[in-house]
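> With numbering that gives the first Met the number 0, the residue at position 9 of the sequence shown is 8, and numbering never jumps.
Even glycine gets a Cβ: it sits at the ideal position worked out from N, Cα and C.
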Amino acid sequence: MYNAYFGFRENPFNLSPDPAFLYRSPHHEEALANLIYGVQSRKGFIVLTGEVGTGKTTMLECLRDFLEAQGIEFAFIFNSRITPDQFFEMVAYDLDLRCTRTSKTDVLFALNQLLIQQANQGRTTVLIVDEAHNLDADVLEEIRLLGNLENPRIGKLMQIILSGQPELDYKLDSPGLRQLKQRVVLRCGLEPLTPAETKEYILSRLAKAGLEEQTVFPDSLLDEVHVRSQGIPRLINALCDNLLLTVFATEGREATLPMLDEICKDMRLDWPGHRPRAGRNFADTLESTLKQPS
Numbered sequence: 000m001y002n003a004y005f006g007f008r009e010n011p012f013n014l015s016p017d018p019a020f021l022y023r024s025p026h027h028e029e030a031l032a033n034l035i036y037g038v039q040s041r042k043g044f045i046v047l048t049g050e051v052g053t054g055k056t057t058m059l060e061c062l063r064d065f066l067e068a069q070g071i072e073f074a075f076i077f078n079s080r081i082t083p084d085q086f087f088e089m090v091a092y093d094l095d096l097r098c099t100r101t102s103k104t105d106v107l108f109a110l111n112q113l114l115i116q117q118a119n120q121g122r123t124t125v126l127i128v129d130e131a132h133n134l135d136a137d138v139l140e141e142i143r144l145l146g147n148l149e150n151p152r153i154g155k156l157m158q159i160i161l162s163g164q165p166e167l168d169y170k171l172d173s174p175g176l177r178q179l180k181q182r183v184v185l186r187c188g189l190e191p192l193t194p195a196e197t198k199e200y201i202l203s204r205l206a207k208a209g210l211e212e213q214t215v216f217p218d219s220l221l222d223e224v225h226v227r228s229q230g231i232p233r234l235i236n237a238l239c240d241n242l243l244l245t246v247f248a249t250e251g252r253e254a255t256l257p258m259l260d261e262i263c264k265d266m267r268l269d270w271p272g273h274r275p276r277a278g279r280n281f282a283d284t285l286e287s288t289l290k291q292p293s
């Protein structure tokens, strides 16, 4: 809506995960390197955790790009509210297994054949499970058993990546999943961005979208965006997107603190030291502004 107004080639703060806009903070760089290393070294089980909105799915999208570039077969499970039967059906579909996909036995035979075939060609196979904190214990047990497929000479035939919120770590700590926990060789964690990283994150996304020398966000406002978002990339995107929309709607050139205040109120954001203040919300202000004659 505002791309042409600011001269963007594309939306700089799209909420959908996009590897092209990956900001490589030290935590993100280390996490991606560990994921790739774990796959290439056939480590078996790898766990990626982080709070909501810290960029886990973006990490997985980058990993998928790497796997596709390397010609590595992989299955990506994006819906973790599933039964064991649904799990095997999704694996069979993603790996295009030639079998009766509703039969666990047929899927396991076909999967084992694929894994051996890939291993004989010097390749591995990867299973990626997003939102793994939602998996039931019986599905996690089936995943653990898949990790038993290995070759004494080659190592693990399938590399399994479980990605989820910190609740995943708590779930793996439960006594019933201690066998799975012992098989986790690599753990990666994503943290919120620091104030300096938040500023770099915003500037890098603006530059990638086509605005190399930005004047829309004053430094003082960038600091405040970090405070309000608490360094969570998804919230940073939402705040900056709404700020750009407000500047566009008011035919201005610079985002201001009152704009941010109204947006935060409309989004019902809370942050340390925040005291709610009365006033018009963002939606009312934007609506009245758009109705004004140009």
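Once the 5 residues before and after S15 are set aside, which same chain residues still bring their CB inside 6 Å of it?
none
> Could you check whether M58 and A91 sit closer than 9 Å to each other, using their CB atoms as the reference points?
No. Outside cutoff.
> Are three or more beta carbon pairs between the segment 31 to 51 and the segment 75 to 94 nearer than 8 Å?
no
> Based on the DSSP secondary-structure assignment, which residues constitute the bridge partners of I160?
I45 and I127
> For A74, write down the residues that DSSP places opposite it in a beta bridge.
L126
> Can you tell me where the beta strand (DSSP E) with V184 in it begins and where it stops?
Here the beta strand (DSSP E) through V184 covers V183 to L189.
> From P271 to D260, what distance separates their C-alpha atoms?
15 Å
> Applying the 10 Å Cβ sphere with the 16-neighbour rule, what's the burial state of N236?
buried
> Shortest alpha-carbon distance to F216 belongs to which of L205, T56 and I76?
L205
> Roughly how many angstroms lie between the CA atoms of A32 and L21, to the nearest whole one?
14 Å
> Please report the straight-line C-alpha distance between S293 and L256, rounded to a whole angstrom.
Confidence at S293 is low in this model, with a pLDDT of 41, below 50, so its placement is unreliable and no value can be given for it.
> Could you tell me if N241 is buried or exposed, where buried requires 16 or more neighbouring beta carbons within 10 angstroms of its beta carbon?
buried
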